[in-house]
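Read top to bottom, the protein sequences are chains A and B. Just so you know, the first sequence maps onto residues 236 to 672 in my numbering. Just so you know, the second sequence maps onto residues 236 to 672 in my numbering.
2 protein chains.
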Amino acid sequence: MKLMGDIVCKFGGSSVAEARQIRKIESIIRSDPHRRYIVVSAPGKRNPDDEKITDLLYTCQSLAAEGKSYERPFEAVSSRYLQIDRQLEARSEIQSRLEELREQLAAGASADLAASRGEYLCARLLAAYLKATFVDAAEIIQLKGNDTVAESSYRYMAGKLKDPGLYVIPGFYGSDSRGEVRTFSRGGSDITGALVAKAVHARVYENWTDVSGLLKADPRIVRDPRPMAEVTYREIRELSYMGAKVLHEEAILPVYEQKIPILIRNTDRPEDPGTVILAERNSQVHPIAGVAGRIGLGLLYLEKFLLRKDPQHRDRVLGILASHSVDLEWERSGIDSLLLLVPAKQLEEKREPLRRAIEEELNPDHLEILENMALIAVVGEGLSTRPDITATALQRLSQQDIHVRLVDQGSSKISALFVVHSEDFNRAVTTIHDTID
Amino acid sequence: MKLMGDIVCKFGGSSVAEARQIRKIESIIRSDPHRRYIVVSAPGKRNPDDEKITDLLYTCQSLAAEGKSYERPFEAVSSRYLQIDRQLEARSEIQSRLEELREQLAAGASADLAASRGEYLCARLLAAYLKATFVDAAEIIQLKGNDTVAESSYRYMAGKLKDPGLYVIPGFYGSDSRGEVRTFSRGGSDITGALVAKAVHARVYENWTDVSGLLKADPRIVRDPRPMAEVTYREIRELSYMGAKVLHEEAILPVYEQKIPILIRNTDRPEDPGTVILAERNSQVHPIAGVAGRIGLGLLYLEKFLLRKDPQHRDRVLGILASHSVDLEWERSGIDSLLLLVPAKQLEEKREPLRRAIEEELNPDHLEILENMALIAVVGEGLSTRPDITATALQRLSQQDIHVRLVDQGSSKISALFVVHSEDFNRAVTTIHDTID
């Protein structure tokens, strides 16, 4: 297959935030001729007080829809692009494209169309600067009603991207069956990059960001968490499910299917190795990929002598939850007990009705309803061959007087779960991070 | 309530196996005037090569039903009772009662009736010896179609047992709605004792056996397991569910409902304190009651990227199990995985069809079907406040190179579960026993 061996590069908002960042992109692209497919986000913040282009565009659209003046935000958008174009000497006809956008807004552009112009203009600008072929995402990515990508998209992409040379494609959007622009509700430009990578059978999908790869824990919780060198798709999925801010799973699925590795790299430090996400890894040296978790869980625990002899008990409890509009997130049954994790928010004001309903229906010996619980997962391909890791984590948590309400290892081969009280969450994550290599 | 404060004593087969054992019963009964209700089993083995009366009676009945001579087993039964009666000088009219039994067998006695005569004759003999009132279990215990005890039994018992003095009641049987004798299918005389204890509102239910109480592990697996001083009903239930040979739960339920303590004591060593089973205990000193487990489990583990996004996946897998007549014993879900424990026996010859069905229906990324797994439970009221116990157990198992396939603590507040390979079962139970106090 002639496209084999190419690299898809997705550049995030910070990588296209200003001209000097785009010069870094140029240098990255020029350093490897296999980097032929570039997917871009809209320009992000240049400093913490800056505004994101996408946010400004949403503001323009909603002001326009209310018949109000959107001059100020539009001016902020225009000046960013004009400045970048001027500084790069890109000659991307940006002025006329901005005029076109102003007309679209005046004509009642949808929020999706308005927001998508951040990526569109950025890709136009970059294509002109790099002298690459621009391909509009609206022409190659088709979204179905439920916001999933139609299989036909791969045919369109393969067709439009088949010639040699460099391509620039805007991320974040596609078009629906009526040809209207539609943005992705989750995952943004990362998804576009993954779709292109799958379509062109890329050798690797490079995801260029402002960090030198993924970390083994959330840096807002753990001080200086260690970086991940390698991580598998399924480890990413479990970490992500547990609350880690990594690639959205919809941005992984297309490349997962073809086992295309994803490389998370730093545009500002292209010399850093970054993190590679792949199908399999050697877990001898680093058995654990990372630790993640989230607070905001409610816990229901009920116990009744000979509960297990009543084969309907589970259905009866789940029926009560459903009738109170409480979703079940997690479930564990003991011999004569049942432990359920639910969204804590949904328990608000339902705690007492729920308690009464369970007491009436099941008459348990013991019933606990707790609203401030947290779930933590230690995720690693090496976990199943290293049971001492969970043992050590448990020991350290115990030494820190952190009460572990539930421990589970083995329900998934690659993760161990701990349920703790929310107030112990940060300490528990830090303690666990410090026990893993 | 005038009956309050009395003690129900159940004596097992070894305690009534011969005259010198029955003299020990006499001394136990006479040493406390509150011991007013005696429930007896049939005479058990006097030595390892001896025959149990109940087994001999079943043999008589089945020979009689086939029209064959049952003289030899009947003679063995007769001589045991005659010898005991003679040695005790009980004058229990045993000869005429044996004749009556011979006639019943000849007239086509049911297996239940025949088997029940072991307890019946023993109770008759003991009542004569102790000059106590004999009450036939057939008159006070009514069994419903599904082998459960009718509530009316408590009325009959209360009526028949209301006067002062000493009573002897045969265990193991009652009568059905047509007045026919019916033996208990499980739990035997222990159930009778529990029913009487509940009926007379006993202060304590003493269960006299040939051991000085319960042990923290199975002595066939662990060398010199430590004894249990106290254990709660729910601890017993969990140990029993996990395979510990303790009182059958149906022998616990009646006294559990009234929080009557059960005392397991040794007829041969009445000075030993034994084990008390009760509603609550102080778990500070001995957080763990014991460790139990069983082999013979099959394990199914399946994993699929984004499995959890398919809300029907669990039902689909359980549907496949059901259509292959495989029962689900235990279930644990991970993020994108499902682990199921089933009876290993049921997997025989179904392993491949099951694998094919799961692969066709769910197309998992990974599917494991293992036939030689074991489940171990560490049970203790103190477990929830001592997470270090599970950590230590896990650490020691790991040091012993015992691969722990699943760990669960917290699904029940009083137990931690470990799944290991059958070949590691004995070592694992021993290792865990040695880590608990």
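Positions of the beta carbon are idealized from the N, C-alpha and C atoms, including for glycine. Just so you know, these numbers come straight off a predicted model, no measurement behind them.
Query	Result
Taking the alpha helix (DSSP H) that A:Gln330 belongs to, which residues open and close that run?	Ile329 to Ala341
Indicate the three-state DSSP secondary structure (helix, strand or coil) for A:Glu286 in the structure shown.	coil
In the structure shown, what three-state DSSP assignment does B:Lys259 receive?	helix
For B:Asp659, which residues of its own chain have a beta-carbon under 6 Å away from its beta-carbon, when the five flanking residues on both sides are left out?	Ile637
Compile a chain-ordered list of the residues in the segment 595-622 of chain A whose CB is closer than 7 Å to at least one CB of chain B.	Pro622
Just by C-beta distance, which residues in the segment 529-559 of chain B are closer than 9 Å to chain A?	Tyr536, Glu538, Phe540, Leu541, Arg543 and Lys544
Name the residue from B:Val243, B:His436 and B:Asp445 whose alpha carbon lies nearest to the alpha carbon of B:Asn282.	B:Asp445
Mark A:Ala557 as exposed unless 16 or more other C-beta atoms lie within 10 angstroms of its C-beta, in which case mark it buried.	exposed
Counting contacts by CB-CB distance shorter than 8 Å, is A:Arg265 in contact with chain B?	no
Can you give me, in chain order, the residues of the segment 475-492 of chain A that have a beta carbon less than 9 Å from any beta carbon in chain B?	Tyr476, Met477, Glu484, Ile487, Leu488, Tyr491 and Glu492
Thinking just about the alpha-carbon of each residue, which of A:Thr502, A:Pro460, A:Leu474 and A:Arg390 is nearest to the one in A:His436?	A:Arg390
Run the CB neighbour count on B:Asp241, radius 10 Å, all protein chains shown included, and call it buried at 16 or more, exposed below.	buried
Which runs of the beta strand (DSSP E), 3 residues or longer, sit entirely within the segment 593-632 of chain A?	601-614
Spatial neighbours of A:Ser619 within its chain, please: C-beta separation below 8 Å, excluding the five flanking residues on both sides.	Gly645, Lys648 and Ile649
Does A:Ile570 come within less than 8 Å of chain B when only Cβ atoms are used?	yes
Whole beta strand (DSSP E) runs in the segment 476-509 of chain A with 3 or more residues, listed along the chain?	497-501
Can you tell me where the beta strand (DSSP E) with B:Ser650 in it begins and where it stops?	Ser650 to His656
Determine the burial state of B:Glu594: buried for a count of at least 16 other Cβ atoms within 10 Å of its Cβ, exposed for fewer.	exposed
Quick one: give me the first and last residue of the alpha helix (DSSP H) that B:Asn661 is part of.	Phe660 to Thr670
Using the beta-carbon count (16 or more within 10 Å), is A:Glu583 buried or exposed?	exposed
Using a Cβ distance threshold of 8 Å, determine whether the segment 491-510 of chain A contacts the segment 519-539 of chain A, with at least three qualifying pairs required.	no
Distance check for A:Leu652 and A:Val614, CA to CA, integer angstroms please.	9 Å
Indicate whether at least one CB of chain B lies closer than 8 Å to the CB of A:Val664.	no
Quick check: the Cα distance between B:Ile260 and B:Thr502, rounded to an integer number of angstroms?	7 Å
In or out: A:Ile376 buried (at least 16 other Cβ within 10 Å) or exposed?	buried
Would you kindly work out how many angstroms separate the C-alpha atoms of B:Arg271 and B:Val251, rounded to a whole number?	17 Å
May I ask you to verify whether the segment 324-335 of chain A touches the segment 359-373 of chain A, counting CB pairs closer than 8 Å and requiring at least 3?	yes
Here's a check: name, in chain order, each residue in its chain whose Cβ is nearer than 6 Å to the Cβ of B:Glu465, leaving out the five neighbours to either side.	Val511 and Arg516
I want to verify the contact list: residues of chain A whose CB lies under 8 Å from the CB of B:Gln519, in sequence order.	In chain order: nothing, as chain A lies at least about 16 Å away.
Nearest-angstrom Cα distance between A:Thr627 and B:Arg631?	11 Å
What residues of chain B sit near A:Glu473, judged by a beta carbon separation below 9 Å?	Gly569, Ile570 and Asp571
Would you tell me roughly how many angstroms separate the C-alpha atoms of B:Ala429 and B:Ile487, rounded to the nearest one?	7 Å
Assuming A:Leu589 and A:Val561 form a contact by the criterion Cβ under 8 Å, report the distance between their Cβ atoms to the nearest whole angstrom.	7 Å
Check B:Ala358 in the structure and name its three-state DSSP category.	helix
Measure the beta-carbon distance from B:Leu498 to B:Leu535 and round it to whole angstroms, keeping in mind my assumption that it falls under 8 Å.	Between B:Leu535 and B:Leu498 the Cβ distance is about 43 Å, and since that is not below 8 Å, they are no contact.
Counting only Cβ pairs nearer than 7 Å, list the residues of chain A close to B:Arg516.	Result: empty, since nearest Cβ-Cβ is about 15 Å, beyond 7 Å.
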